[in-house]
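Asker:
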Amino acid sequence: MRRIQAGSALSAFGLGFTVPYLYVYVAQVRDLGATTAGIVLAVFAMAALVVLPFSGRAIDRRGPVPVLLVASVVAAVGAVGMGFASSVPAAVGAAALLGAGTAVLQPALATMIVWCSTPAGRTRAFAMQFFLQNLGLGVGGLIGGLLVDTSRPGSFILLFSIEAAMFLVLAAIVGTVRMPGSPAFQGARPSQGGKGGGVRALLGHKAMVQLCVLGFVLFFACYGQFESGLAAYGTEAAGIQPSTLGIALAANTAVIVAAQFLVLKFVERRKRTRVIAAVGLIWTVAWLIAGYAGLGHGSQAMATAAFVSTYALFGLGEAMLSPTVAPLVADLAPESMVGQYNSAFALVKQLALAVGPAVGGPMGAALHGPYIVTFVLFSLGITFLAVRLGKRLTPEQDQPSLAGKPSKVVARHQPERKVEAAA
(Lines of atoms letter the chains of each structure in order from A and count residues from 1; the text may use other names and numbers.)
(Lines give C-alpha, C1' and ligand atoms only; values in the text may rest on other atoms or scores of the structure.)
Protein backbone atom coordinates (compact mmCIF):
# COMPACT_ATOMS: atom_id res chain seq x y z
CA MET A 1 0.00 0.00 0.00
CA ARG A 2 2.85 2.41 0.78
CA ARG A 3 4.30 1.91 -2.70
CA ILE A 4 0.92 2.54 -4.33
CA GLN A 5 0.43 5.74 -2.31
CA ALA A 6 3.96 6.94 -3.08
CA GLY A 7 3.53 6.32 -6.81
CA SER A 8 0.17 8.10 -6.80
CA ALA A 9 1.67 11.13 -5.04
CA LEU A 10 4.61 11.34 -7.46
CA SER A 11 2.34 11.18 -10.53
CA ALA A 12 0.28 14.04 -9.05
CA PHE A 13 3.53 15.90 -8.39
CA GLY A 14 4.38 15.57 -12.11
CA LEU A 15 0.95 16.74 -13.21
CA GLY A 16 1.28 19.81 -11.02
CA PHE A 17 4.23 20.98 -13.12
CA THR A 18 2.18 21.36 -16.31
CA VAL A 19 -1.60 21.41 -15.73
CA PRO A 20 -1.82 25.09 -14.67
CA TYR A 21 0.24 26.21 -17.67
CA LEU A 22 -1.09 24.06 -20.52
CA TYR A 23 -3.28 26.78 -22.02
CA VAL A 24 -0.57 29.44 -21.80
CA TYR A 25 1.98 27.04 -23.27
CA VAL A 26 -0.05 26.20 -26.38
CA ALA A 27 -1.54 29.65 -26.98
CA GLN A 28 1.42 31.91 -26.19
CA VAL A 29 4.68 30.02 -25.88
CA ARG A 30 4.15 27.91 -29.00
CA ASP A 31 2.16 30.77 -30.55
CA LEU A 32 -0.59 28.47 -31.80
CA GLY A 33 -3.41 30.77 -30.71
CA ALA A 34 -6.27 30.66 -28.24
CA THR A 35 -8.46 28.55 -30.54
CA THR A 36 -5.85 25.82 -30.79
CA ALA A 37 -5.32 25.92 -27.04
CA GLY A 38 -9.05 25.40 -26.54
CA ILE A 39 -9.00 22.48 -28.97
CA VAL A 40 -6.03 20.92 -27.16
CA LEU A 41 -7.82 21.16 -23.81
CA ALA A 42 -10.98 19.70 -25.36
CA VAL A 43 -9.02 16.80 -26.88
CA PHE A 44 -7.37 16.20 -23.51
CA ALA A 45 -10.83 15.80 -21.93
CA MET A 46 -12.39 13.87 -24.82
CA ALA A 47 -9.57 11.32 -24.85
CA ALA A 48 -10.47 10.45 -21.27
CA LEU A 49 -14.14 10.01 -22.22
CA VAL A 50 -13.13 7.65 -25.04
CA VAL A 51 -10.83 5.32 -23.08
CA LEU A 52 -12.60 5.11 -19.70
CA PRO A 53 -15.50 2.90 -20.89
CA PHE A 54 -12.94 0.27 -21.99
CA SER A 55 -10.39 0.61 -19.20
CA GLY A 56 -12.60 -0.90 -16.50
CA ARG A 57 -13.08 -4.22 -18.29
CA ALA A 58 -9.34 -4.35 -19.04
CA ILE A 59 -8.55 -3.80 -15.36
CA ASP A 60 -10.90 -6.60 -14.30
CA ARG A 61 -9.60 -9.02 -16.94
CA ARG A 62 -5.86 -8.28 -16.86
CA GLY A 63 -5.48 -6.79 -13.40
CA PRO A 64 -4.79 -3.17 -12.45
CA VAL A 65 -0.98 -3.42 -12.57
CA PRO A 66 -0.55 -4.20 -16.32
CA VAL A 67 -3.17 -1.59 -17.24
CA LEU A 68 -1.47 1.04 -15.08
CA LEU A 69 1.95 0.25 -16.58
CA VAL A 70 0.61 0.76 -20.12
CA ALA A 71 -1.24 3.94 -19.12
CA SER A 72 1.88 5.37 -17.46
CA VAL A 73 3.98 4.82 -20.57
CA VAL A 74 1.27 6.33 -22.82
CA ALA A 75 1.02 9.38 -20.53
CA ALA A 76 4.82 9.76 -20.49
CA VAL A 77 4.97 9.67 -24.30
CA GLY A 78 2.19 12.25 -24.44
CA ALA A 79 4.00 14.53 -21.98
CA VAL A 80 7.26 14.39 -23.95
CA GLY A 81 5.35 14.95 -27.20
CA MET A 82 3.62 17.99 -25.74
CA GLY A 83 6.95 19.44 -24.64
CA PHE A 84 8.26 19.35 -28.22
CA ALA A 85 4.96 20.11 -29.97
CA SER A 86 5.44 23.09 -32.28
CA SER A 87 2.51 22.47 -34.65
CA VAL A 88 -1.22 21.97 -34.26
CA PRO A 89 -1.26 18.24 -35.20
CA ALA A 90 1.62 17.52 -32.82
CA ALA A 91 -0.07 19.34 -29.93
CA VAL A 92 -3.43 17.66 -30.54
CA GLY A 93 -1.85 14.20 -30.81
CA ALA A 94 0.19 14.69 -27.66
CA ALA A 95 -2.90 15.94 -25.79
CA ALA A 96 -4.81 12.82 -26.84
CA LEU A 97 -2.09 10.52 -25.51
CA LEU A 98 -1.64 12.53 -22.32
CA GLY A 99 -5.38 12.69 -21.65
CA ALA A 100 -5.94 8.99 -22.34
CA GLY A 101 -3.02 7.89 -20.18
CA THR A 102 -3.78 10.05 -17.17
CA ALA A 103 -7.49 9.16 -17.30
CA VAL A 104 -6.78 5.45 -16.83
CA LEU A 105 -4.35 5.96 -13.96
CA GLN A 106 -7.01 6.90 -11.40
CA PRO A 107 -9.34 3.85 -11.72
CA ALA A 108 -6.30 1.56 -11.91
CA LEU A 109 -4.82 3.06 -8.72
CA ALA A 110 -8.24 2.96 -7.01
CA THR A 111 -8.60 -0.73 -7.86
CA MET A 112 -5.13 -1.46 -6.47
CA ILE A 113 -6.07 0.29 -3.23
CA VAL A 114 -9.25 -1.77 -3.03
CA TRP A 115 -7.39 -5.02 -3.61
CA CYS A 116 -4.82 -4.20 -0.92
CA SER A 117 -7.26 -3.03 1.76
CA THR A 118 -10.18 -4.25 3.83
CA PRO A 119 -13.50 -2.38 4.03
CA ALA A 120 -12.55 -1.15 7.52
CA GLY A 121 -9.23 0.32 6.34
CA ARG A 122 -10.38 1.51 2.95
CA THR A 123 -11.69 4.84 4.24
CA ARG A 124 -8.28 5.81 5.62
CA ALA A 125 -6.47 4.51 2.51
CA PHE A 126 -8.47 6.70 0.12
CA ALA A 127 -8.16 9.68 2.44
CA MET A 128 -4.38 9.25 2.41
CA GLN A 129 -4.37 9.06 -1.39
CA PHE A 130 -6.39 12.26 -1.70
CA PHE A 131 -4.14 14.05 0.79
CA LEU A 132 -0.94 13.01 -0.98
CA GLN A 133 -2.30 13.81 -4.44
CA ASN A 134 -3.30 17.32 -3.42
CA LEU A 135 0.03 17.83 -1.70
CA GLY A 136 1.84 16.59 -4.82
CA LEU A 137 -0.19 18.83 -7.12
CA GLY A 138 0.41 21.85 -4.90
CA VAL A 139 4.16 21.32 -4.55
CA GLY A 140 4.52 20.50 -8.25
CA GLY A 141 2.63 23.63 -9.24
CA LEU A 142 4.72 25.75 -6.89
CA ILE A 143 8.03 24.44 -8.25
CA GLY A 144 6.73 24.62 -11.81
CA GLY A 145 5.84 28.26 -11.28
CA LEU A 146 9.43 28.97 -10.28
CA LEU A 147 10.85 27.22 -13.36
CA VAL A 148 8.42 28.42 -16.01
CA ASP A 149 9.40 31.26 -18.34
CA THR A 150 7.05 32.13 -21.20
CA SER A 151 9.92 33.67 -23.16
CA ARG A 152 11.83 30.36 -23.18
CA PRO A 153 10.13 27.30 -24.69
CA GLY A 154 12.98 25.27 -23.24
CA SER A 155 11.64 25.86 -19.72
CA PHE A 156 8.39 24.12 -20.72
CA ILE A 157 10.30 21.24 -22.27
CA LEU A 158 11.87 20.81 -18.84
CA LEU A 159 8.45 20.87 -17.14
CA PHE A 160 6.94 18.27 -19.48
CA SER A 161 10.07 16.13 -19.19
CA ILE A 162 9.75 16.12 -15.40
CA GLU A 163 6.10 15.16 -15.77
CA ALA A 164 7.02 12.27 -18.09
CA ALA A 165 9.71 11.12 -15.68
CA MET A 166 7.18 11.02 -12.82
CA PHE A 167 4.85 8.80 -14.87
CA LEU A 168 7.74 6.41 -15.50
CA VAL A 169 8.65 6.48 -11.81
CA LEU A 170 5.04 5.57 -11.05
CA ALA A 171 5.32 2.62 -13.43
CA ALA A 172 8.59 1.51 -11.87
CA ILE A 173 7.19 1.66 -8.33
CA VAL A 174 3.92 -0.09 -9.18
CA GLY A 175 5.83 -2.72 -11.14
CA THR A 176 7.39 -3.89 -7.87
CA VAL A 177 4.00 -4.33 -6.15
CA ARG A 178 2.78 -7.89 -5.73
CA MET A 179 -0.98 -7.82 -5.70
CA PRO A 180 -3.00 -10.41 -3.75
CA GLY A 181 -4.62 -13.18 -5.75
CA SER A 182 -8.07 -11.79 -5.08
CA PRO A 183 -9.37 -8.73 -3.29
CA ALA A 184 -10.41 -8.99 0.33
CA PHE A 185 -14.12 -8.26 0.19
CA GLN A 186 -16.69 -8.36 2.91
CA GLY A 187 -20.32 -7.34 3.08
CA ALA A 188 -23.19 -7.48 0.64
CA ARG A 189 -22.71 -7.48 -3.09
CA PRO A 190 -25.30 -7.28 -5.88
CA SER A 191 -25.86 -10.86 -6.97
CA GLN A 192 -26.16 -10.07 -10.65
CA GLY A 193 -22.63 -8.58 -10.78
CA GLY A 194 -20.74 -11.82 -10.50
CA LYS A 195 -22.74 -13.62 -13.21
CA GLY A 196 -22.90 -11.50 -16.28
CA GLY A 197 -20.92 -8.41 -15.51
CA GLY A 198 -20.66 -5.55 -17.95
CA VAL A 199 -22.62 -2.36 -18.37
CA ARG A 200 -25.99 -4.09 -18.07
CA ALA A 201 -25.18 -5.43 -14.61
CA LEU A 202 -23.87 -2.04 -13.50
CA LEU A 203 -26.96 -0.22 -14.75
CA GLY A 204 -29.11 -2.81 -12.99
CA HIS A 205 -27.48 -1.98 -9.68
CA LYS A 206 -29.75 0.82 -8.49
CA ALA A 207 -27.55 1.93 -5.61
CA MET A 208 -24.58 2.38 -7.95
CA VAL A 209 -26.69 4.27 -10.48
CA GLN A 210 -27.87 6.62 -7.73
CA LEU A 211 -24.28 7.07 -6.57
CA CYS A 212 -23.23 7.98 -10.13
CA VAL A 213 -26.00 10.58 -10.34
CA LEU A 214 -24.91 11.97 -6.99
CA GLY A 215 -21.29 11.95 -8.14
CA PHE A 216 -22.14 13.92 -11.29
CA VAL A 217 -23.88 16.60 -9.23
CA LEU A 218 -20.97 16.71 -6.76
CA PHE A 219 -18.30 17.21 -9.42
CA PHE A 220 -20.47 19.53 -11.52
CA ALA A 221 -21.20 21.83 -8.57
CA CYS A 222 -17.60 21.97 -7.31
CA TYR A 223 -14.68 20.92 -9.51
CA GLY A 224 -16.49 21.87 -12.70
CA GLN A 225 -16.70 25.48 -11.51
CA PHE A 226 -13.27 26.12 -10.00
CA GLU A 227 -11.42 27.36 -13.07
CA SER A 228 -14.40 28.44 -15.17
CA GLY A 229 -17.72 29.64 -13.77
CA LEU A 230 -16.60 30.59 -10.28
CA ALA A 231 -13.46 32.28 -11.58
CA ALA A 232 -15.50 34.21 -14.16
CA TYR A 233 -18.08 35.17 -11.53
CA GLY A 234 -15.40 36.34 -9.13
CA THR A 235 -13.66 38.60 -11.64
CA GLU A 236 -16.82 39.93 -13.30
CA ALA A 237 -19.34 40.23 -10.47
CA ALA A 238 -17.13 40.53 -7.39
CA GLY A 239 -14.32 42.52 -9.01
CA ILE A 240 -11.71 40.02 -7.81
CA GLN A 241 -8.22 40.53 -9.17
CA PRO A 242 -6.87 37.60 -11.23
CA SER A 243 -4.02 37.17 -8.74
CA THR A 244 -6.61 36.59 -6.01
CA LEU A 245 -7.76 33.46 -7.83
CA GLY A 246 -4.38 31.93 -7.08
CA ILE A 247 -4.76 32.84 -3.41
CA ALA A 248 -8.24 31.28 -3.36
CA LEU A 249 -6.96 28.04 -4.89
CA ALA A 250 -4.10 28.03 -2.39
CA ALA A 251 -6.63 28.43 0.43
CA ASN A 252 -8.59 25.49 -0.97
CA THR A 253 -5.49 23.26 -1.00
CA ALA A 254 -4.39 24.46 2.44
CA VAL A 255 -7.73 23.54 4.00
CA ILE A 256 -7.61 20.08 2.40
CA VAL A 257 -4.08 19.43 3.66
CA ALA A 258 -4.76 20.81 7.14
CA ALA A 259 -8.18 19.27 7.69
CA GLN A 260 -7.94 15.88 5.98
CA PHE A 261 -7.00 13.73 8.96
CA LEU A 262 -8.96 15.80 11.46
CA VAL A 263 -12.03 15.28 9.30
CA LEU A 264 -11.20 11.59 8.91
CA LYS A 265 -11.80 10.91 12.61
CA PHE A 266 -15.22 12.53 12.29
CA VAL A 267 -16.13 10.66 9.09
CA GLU A 268 -15.10 7.17 10.24
CA ARG A 269 -17.70 7.15 13.03
CA ARG A 270 -20.65 8.28 10.91
CA LYS A 271 -22.78 7.12 8.03
CA ARG A 272 -21.27 7.94 4.66
CA THR A 273 -24.50 9.29 3.19
CA ARG A 274 -24.95 11.65 6.13
CA VAL A 275 -21.41 12.95 5.62
CA ILE A 276 -22.16 13.57 1.92
CA ALA A 277 -25.43 15.27 2.88
CA ALA A 278 -23.47 17.54 5.25
CA VAL A 279 -21.10 18.42 2.39
CA GLY A 280 -24.12 19.60 0.38
CA LEU A 281 -25.07 21.96 3.21
CA ILE A 282 -21.50 23.23 3.57
CA TRP A 283 -21.32 23.96 -0.15
CA THR A 284 -24.70 25.70 0.03
CA VAL A 285 -23.19 28.09 2.56
CA ALA A 286 -20.14 28.47 0.30
CA TRP A 287 -22.28 29.51 -2.66
CA LEU A 288 -24.27 31.95 -0.50
CA ILE A 289 -20.98 33.54 0.62
CA ALA A 290 -19.94 33.75 -3.04
CA GLY A 291 -23.27 35.45 -3.72
CA TYR A 292 -22.50 38.00 -1.04
CA ALA A 293 -19.07 38.60 -2.59
CA GLY A 294 -20.54 39.42 -5.99
CA LEU A 295 -24.01 40.72 -5.23
CA GLY A 296 -23.50 42.33 -1.81
CA HIS A 297 -22.69 45.94 -1.08
CA GLY A 298 -19.64 45.53 1.14
CA SER A 299 -16.14 46.77 0.55
CA GLN A 300 -13.76 45.22 -1.95
CA ALA A 301 -11.73 43.77 0.91
CA MET A 302 -14.81 42.05 2.32
CA ALA A 303 -15.74 40.72 -1.12
CA THR A 304 -12.23 39.31 -1.55
CA ALA A 305 -12.30 37.68 1.87
CA ALA A 306 -15.71 36.19 1.14
CA PHE A 307 -14.52 34.82 -2.20
CA VAL A 308 -11.45 33.20 -0.67
CA SER A 309 -13.68 31.76 2.08
CA THR A 310 -15.83 30.15 -0.61
CA TYR A 311 -12.86 28.19 -1.93
CA ALA A 312 -11.84 27.26 1.62
CA LEU A 313 -15.30 25.84 2.36
CA PHE A 314 -15.14 23.86 -0.87
CA GLY A 315 -11.86 22.41 0.39
CA LEU A 316 -13.50 21.35 3.66
CA GLY A 317 -16.20 19.54 1.70
CA GLU A 318 -13.60 17.85 -0.51
CA ALA A 319 -11.73 16.62 2.58
CA MET A 320 -14.98 15.06 3.83
CA LEU A 321 -15.74 13.42 0.47
CA SER A 322 -12.34 11.81 -0.16
CA PRO A 323 -12.70 9.10 2.52
CA THR A 324 -16.38 8.64 1.70
CA VAL A 325 -17.26 8.43 -1.99
CA ALA A 326 -14.40 6.37 -3.47
CA PRO A 327 -14.56 3.67 -0.75
CA LEU A 328 -18.33 3.49 -1.24
CA VAL A 329 -17.85 2.78 -4.96
CA ALA A 330 -15.50 -0.07 -3.99
CA ASP A 331 -17.90 -1.50 -1.41
CA LEU A 332 -20.76 -1.53 -3.91
CA ALA A 333 -18.73 -3.30 -6.60
CA PRO A 334 -18.93 -7.08 -7.12
CA GLU A 335 -15.56 -8.76 -6.81
CA SER A 336 -15.32 -9.33 -10.57
CA MET A 337 -16.24 -5.73 -11.50
CA VAL A 338 -14.16 -3.46 -9.26
CA GLY A 339 -12.32 -1.98 -12.23
CA GLN A 340 -15.51 -1.37 -14.17
CA TYR A 341 -17.19 0.34 -11.22
CA ASN A 342 -14.16 2.57 -10.63
CA SER A 343 -13.91 3.41 -14.33
CA ALA A 344 -17.64 4.14 -14.57
CA PHE A 345 -17.41 6.57 -11.67
CA ALA A 346 -14.30 8.16 -13.19
CA LEU A 347 -16.27 8.57 -16.43
CA VAL A 348 -19.07 10.31 -14.54
CA LYS A 349 -16.51 12.66 -13.00
CA GLN A 350 -14.99 13.40 -16.40
CA LEU A 351 -18.42 14.17 -17.88
CA ALA A 352 -19.14 16.58 -15.03
CA LEU A 353 -15.78 18.28 -15.53
CA ALA A 354 -16.58 18.67 -19.25
CA VAL A 355 -20.14 19.94 -18.83
CA GLY A 356 -19.46 22.09 -15.77
CA PRO A 357 -17.26 24.72 -17.45
CA ALA A 358 -19.47 24.80 -20.56
CA VAL A 359 -22.53 25.65 -18.45
CA GLY A 360 -20.97 27.56 -15.58
CA GLY A 361 -18.52 29.70 -17.56
CA PRO A 362 -21.07 31.77 -19.53
CA MET A 363 -23.45 31.97 -16.54
CA GLY A 364 -20.75 33.07 -14.14
CA ALA A 365 -19.57 35.78 -16.53
CA ALA A 366 -22.96 37.24 -17.48
CA LEU A 367 -25.85 35.86 -15.37
CA HIS A 368 -24.58 36.52 -11.89
CA GLY A 369 -27.77 36.12 -9.85
CA PRO A 370 -29.07 33.03 -11.70
CA TYR A 371 -25.59 31.49 -11.47
CA ILE A 372 -25.55 31.62 -7.67
CA VAL A 373 -29.17 30.44 -7.36
CA THR A 374 -28.49 27.52 -9.72
CA PHE A 375 -25.58 26.20 -7.71
CA VAL A 376 -27.23 26.77 -4.36
CA LEU A 377 -29.99 24.47 -5.66
CA PHE A 378 -27.42 21.96 -6.93
CA SER A 379 -25.76 21.91 -3.50
CA LEU A 380 -29.10 21.31 -1.79
CA GLY A 381 -29.66 18.58 -4.37
CA ILE A 382 -26.50 16.87 -3.11
CA THR A 383 -28.05 16.64 0.36
CA PHE A 384 -31.33 15.29 -1.03
CA LEU A 385 -29.63 12.67 -3.23
CA ALA A 386 -27.35 11.55 -0.39
CA VAL A 387 -30.27 10.98 1.98
CA ARG A 388 -32.10 9.08 -0.75
CA LEU A 389 -29.04 6.91 -1.48
CA GLY A 390 -28.77 5.97 2.19
CA LYS A 391 -32.06 4.08 1.94
CA ARG A 392 -30.54 1.67 -0.63
CA LEU A 393 -27.36 0.81 1.27
CA THR A 394 -26.80 -1.91 3.82
CA PRO A 395 -25.75 -0.69 7.29
CA GLU A 396 -22.18 -1.93 6.65
CA GLN A 397 -21.94 -0.17 3.29
CA ASP A 398 -23.15 3.10 4.77
CA GLN A 399 -21.01 2.80 7.91
CA PRO A 400 -18.13 0.28 7.54
CA SER A 401 -17.14 0.62 11.19
CA LEU A 402 -20.22 -1.44 12.07
CA ALA A 403 -18.71 -4.49 10.36
CA GLY A 404 -15.91 -4.66 12.92
CA LYS A 405 -18.14 -4.44 15.98
CA PRO A 406 -19.00 -7.66 17.83
CA SER A 407 -22.63 -8.57 18.19
CA LYS A 408 -24.09 -7.39 21.50
CA VAL A 409 -26.58 -10.24 21.47
CA VAL A 410 -23.85 -12.87 21.24
CA ALA A 411 -21.83 -11.17 23.96
CA ARG A 412 -24.87 -11.09 26.27
CA HIS A 413 -25.79 -14.75 25.90
CA GLN A 414 -22.31 -16.27 25.86
CA PRO A 415 -22.04 -16.71 29.65
CA GLU A 416 -25.43 -18.45 29.71
CA ARG A 417 -24.19 -20.98 27.12
CA LYS A 418 -21.16 -21.71 29.29
CA VAL A 419 -23.40 -22.31 32.31
CA GLU A 420 -25.61 -24.65 30.31
CA ALA A 421 -22.58 -26.56 29.07
CA ALA A 422 -21.26 -26.92 32.60
CA ALA A 423 -24.62 -28.20 33.78
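Be aware that the sequence shown starts at 81, since it is given in our numbering, and climbs by one per residue. Yeah, the Cβ is synthetic: ideal placement off N, Cα and C, and Gly gets one too.
Just checking, does the segment 167–186 make contact with the segment 121–128 on the three C-beta pairs under 8 Å criterion?
Answerer: yes
Asker: Apart from the five residues just before and just after Val435, which ones in its own chain have a Cβ nearer than 8 Å to its Cβ?
Answerer: Here the question's residue 435 lines up with position 355 in the sequence shown. The answer, listed in chain order, is Phe300, Gly304.
Asker: If you draw a straight line from the alpha carbon of Leu412 to that of Ala331, how long is it in whole angstroms?
Answerer: Within the sequence shown, the letter at position 332 stands for residue 412. Within the sequence shown, the letter at position 251 stands for residue 331. Going by the C-alpha atoms only, they are around 33 Å apart.
Asker: Roughly how many angstroms lie between the CA atoms of Gly374 and Gly314, to the nearest whole one?
Answerer: Your numbering for residue 374 matches position 294 in the sequence shown. Your numbering for residue 314 matches position 234 in the sequence shown. Using only the alpha carbons, I get a separation of about 7 Å.
Asker: What do you reckon, are the CB atoms on Thr353 and Leu469 nearer than 8 Å?
Answerer: Along the sequence shown, read from residue 1 onward, the residue named residue 353 stands at position 273. Along the sequence shown, read from residue 1 onward, the residue named residue 469 stands at position 389. A contact, by the Cβ cut-off of 8 Å.
Asker: By how many angstroms is the C-alpha of Ser235 removed from the C-alpha of Leu393?
Answerer: The residue given as residue 393 occupies position 313 in the sequence shown. The residue given as residue 235 occupies position 155 in the sequence shown. For Leu393 and Ser235, the distance between alpha carbons rounds to 35 Å.
Asker: For Pro133, count neighbouring Cβ atoms within 10 angstroms of its own Cβ and tell me buried if that reaches 16, exposed if not.
Answerer: Working through the sequence shown from its first residue, we reach residue 133 at position 53. So Pro133 counts as exposed.
Asker: What is the DSSP secondary structure of Phe97, counted as helix, strand or coil?
Answerer: Mapped onto the sequence shown, residue 97 falls at position 17. Three-state result, Phe97: helix.
Asker: Please decide whether Leu393 counts as near chain B, where near means a Cβ-Cβ distance under 8 Å.
Answerer: Of the protein chains in this structure there is only one, and it is not chain B.
Asker: For a quick check, are the C-beta atoms of Pro233 and Val109 less than 8 Å apart?
Answerer: The residue you call residue 233 lines up with position 153 of the sequence shown. The residue you call residue 109 lines up with position 29 of the sequence shown. Taking 8 Å as the Cβ cut-off, Pro233 and Val109 qualify as a contacting pair.
Asker: How would you call Leu298, buried or exposed, if buried means at least 16 neighbouring beta carbons within 10 angstroms?
Answerer: Locating residue 298 in the sequence shown gives position 218, where the first residue counts as 1. With 16 or more Cβ atoms within 10 Å of its Cβ, Leu298 is classed as buried.
Asker: Tell me the DSSP secondary structure of Ser135 in three-state form.
Answerer: For this step, residue 135 is matched to residue 55 along the sequence shown. The three-state secondary structure of Ser135, taken from DSSP, is helix.
Asker: Less than 8 Å between the CB atoms is what I'm expecting for Ala424 and Gly136, so what's the real figure, rounded?
Answerer: If you number the sequence shown from 1, residue 424 lands on position 344. If you number the sequence shown from 1, residue 136 lands on position 56. Confirmed, about 6 Å.
Asker: Cutting at 8 Å between CB atoms, please list the residues of its own chain near Ile139, excluding the five before and the five after it.
Answerer: On the sequence shown, residue 139 is found 59 positions in, with the first residue counted as 1. So the list reads Val147, Pro187, Ala188, Thr191, Val418, Gly419, Gln420, Asn422, Ser423, once near-sequence residues are dropped.
Asker: Measure how close the beta-carbons of Val428 and Gly295 come, nearest whole angstrom, since I'm counting them as under 8 Å.
Answerer: On the sequence shown, residue 428 is found 348 positions in, with the first residue counted as 1. On the sequence shown, residue 295 is found 215 positions in, with the first residue counted as 1. Confirmed, about 5 Å.
Asker: Label Ser88 either buried or exposed according to how many other C-beta atoms from any shown protein chain fall within 10 Å of its C-beta, with 16 as the threshold for buried.
Answerer: Along the sequence shown, read from residue 1 onward, the residue named residue 88 stands at position 8. Counting Cβ neighbours within 10 Å, Ser88 comes out buried, since at least 16 surround it.
Asker: Do the segment 447–463 and the segment 207–215 make contact, defined as three or more Cβ pairs closer than 8 Å?
Answerer: no
Asker: Can we say the segment 241–252 touches the segment 95–105, given the rule of at least three CB pairs closer than 8 Å?
Answerer: yes
Asker: Is the beta carbon of Gly173 closer than 8 Å to that of Gly161?
Answerer: Counting from one through the sequence shown, the residue named residue 161 turns up at place 81. Counting from one through the sequence shown, the residue named residue 173 turns up at place 93. Yes, the Cβ-Cβ distance between Gly161 and Gly173 is below 8 Å.
Asker: Hey, could you find the ends of the alpha helix (DSSP H) Asp478 is sitting in?
Answerer: Start at 1 with the first residue of the sequence shown, and residue 478 comes out as number 398. Run containing Asp478: 475–478, per the alpha helix (DSSP H) assignment.
Asker: Taking the C-alpha atoms as reference points, what is the distance between Arg82 and Val405?
Answerer: Here the question's residue 82 lines up with position 2 in the sequence shown. Here the question's residue 405 lines up with position 325 in the sequence shown. So the two alpha carbons sit approximately 21 Å from each other.
Asker: Give a yes or no on whether the C-beta atoms belonging to Ala155 and Phe247 are separated by under 8 Å.
Answerer: As a working note, residue 155 is residue 75 in the sequence shown. As a working note, residue 247 is residue 167 in the sequence shown. Against a cut-off of 8 Å, the Cβ pair of Phe247 and Ala155 comes out as a contact.
Asker: Which runs of the alpha helix (DSSP H), 4 residues or longer, sit entirely within the segment 143–225?
Answerer: 144–163, 168–195
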